[in-house]
Amino acid sequence: MVINKISLPAAAAALIVGLSGVAGASVQHQPAAQRPVAAAADNLTPGLHHRRLDPLIGEWKVVKTNYFLGGGVPVVSRDITVKVRWISKTGGRFLEERAEGTLAGNRYYRVGILGFSNIDRRYEWTTFDNATPTAMTYRGAPVTGAPSILSIPGAFTDPGLLGPEYLGKSIPMRTVITIAPNGRHTFDLYFTPPGQAERLADRVVYTRKIR
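Taking mature numbering (1 follows the signal peptide of the UniProt record, and there is no 0), I'd label the letters of the sequence shown as residues -25 to -1, 1 to 186.
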């Protein structure tokens, strides 16, 4: 995949000169590290943390184990296929995941959007599926380095999935994405119902699909 950078620093510098005249010239005489154009380029250009997600790209067969739909008995799905790609029209800033198969005997579909916010220094993950009536949104803490395990917390309003006593309550949740060098990745979803300890709600194990 090739990310088109469109000479952002040059374009931004031209815009500053055009809008501010002489003020634009003074910007050009600042040390490079202090120029606002350089800062903007750093915030807008996909970088190391986006590249950390590259191993997720491709087509996968997954085993999905859900721990709350079966009333205490794990529900296992083995026919789900996942396709993951960078969305080129976003400049390669966001990754799209599409999953299709069955879950608990019903058709299952999910689309997820995963990316890294340069300005917030955090991973962000949002999913939409046909099993829940709300978006599941996660925002991580600021990170450094290039972690292979991404822990991204969030919260959702329970539509009754965890039982009638939790209907309408805000449930803290957390997705842990483990990116493995051997291509066998895992997505673990944890819930923390009010007054209870955090528990594993869903685990998805990815194995690259061989054509």
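We put the beta carbon where it would ideally sit given N, CA and C, even for glycine. Predicted model, so just to flag it, every value in this text is computed and none were measured.
Task: Segment contact flag, the stretch 163 to 173 with the stretch 19 to 33, C-beta cutoff 8 Å, min 3 pairs - done: no
Open item on the list: Quick check: what's the CA-CA separation for Asp54 versus Ala176?
Closed with: 19 Å
Open item on the list: Under DSSP, the beta strand (DSSP E) around Arg68 begins and ends at which residues?
Closed with: First-last for Arg68: undefined, no H or E at that position.
Open item on the list: Only counting the same chain, and skipping five residues up and downstream in sequence, which positions put a Cβ closer than 6 Å to that of Pro147?
Closed with: Ala130, Thr167
Task: Coil, strand or helix - Tyr141 by DSSP - done: helix
TODO: Spatial neighbours of Asn93 within its chain, please: CB distance less than 6 Å, with the 5 preceding and 5 following residues excluded, ordered by chain position.
DONE: Asn18
Open item on the list: Given this structure, state the Cα-to-Cα distance separating Gly115 from Leu125, to the nearest angstrom.
Closed with: 8 Å
TODO: Could you check the C-alpha separation between Thr77 and Val37 for me, to the nearest Å?
DONE: Those two C-alpha atoms are separated by around 11 Å.
- [ ] In angstroms with no decimal places, state the Cα-to-Cα distance between Val151 and Arg26.
- [x] 18 Å
- [ ] Can you tell me which of the three DSSP states Leu44 falls into?
- [x] If DSSP states are grouped into helix, strand and coil, Leu44 belongs with coil.
Open item on the list: I'd like to know if Arg96 contacts chain D, where contact means its C-beta is closer than 7 Å to some C-beta of that chain.
Closed with: Given the protein chain composition of this structure (a single chain), no chain D is represented.
- [ ] Give the straight-line distance between the Cα atoms of Arg97 and Leu70, rounded to the nearest whole angstrom.
- [x] Rounded to the nearest angstrom, the two C-alpha atoms are 15 Å apart.
Open item on the list: Just to check my reading of the structure: Gly80 and Thr101 have Cβ atoms closer than 8 Å, yes? What is that Cβ distance to the nearest angstrom?
Closed with: Wrong, their Cβ atoms sit about 27 Å apart, outside the cutoff.
- [ ] Compute the Euclidean distance between the alpha carbons of Glu72 and Glu140, then round it to the nearest angstrom.
- [x] 32 Å
Task: Extent of the continuous alpha helix (DSSP H) run through Arg85 - done: Element bounds for Arg85: not the alpha helix (DSSP H) but the beta strand (DSSP E), 81 to 92.
Open item on the list: Please return the same chain residues whose Cβ sits closer than 6 Å to the Cβ of Phe91, not counting the five positions on each side in sequence.
Closed with: His24, His25, Tyr98
Task: Opposing strand residues paired with Pro108 [DSSP bridges] - done: Partner(s): none; Pro108 has no beta bridge.
Task: Rounded straight-line distance, which links the Cα of Gly143 to that of Ala121 - done: Using only the alpha carbons, I get a separation of about 37 Å.
- [ ] Return the bridge partner residues of Arg73 from the DSSP annotation.
- [x] Lys58, Val86
- [ ] Please classify Ser145: is it buried, with 16 or more other beta-carbons within 10 angstroms of its beta-carbon, or exposed?
- [x] exposed
Open item on the list: Given this structure, state the Cα-to-Cα distance separating Glu173 from Trp61, to the nearest angstrom.
Closed with: 32 Å
Task: Ala126 - partner residues in DSSP beta bridges - done: Note that residue 126 is Ser in the sequence shown, not Ala. According to DSSP, which records beta bridges pairwise, Ser126 is partnered with Val151.
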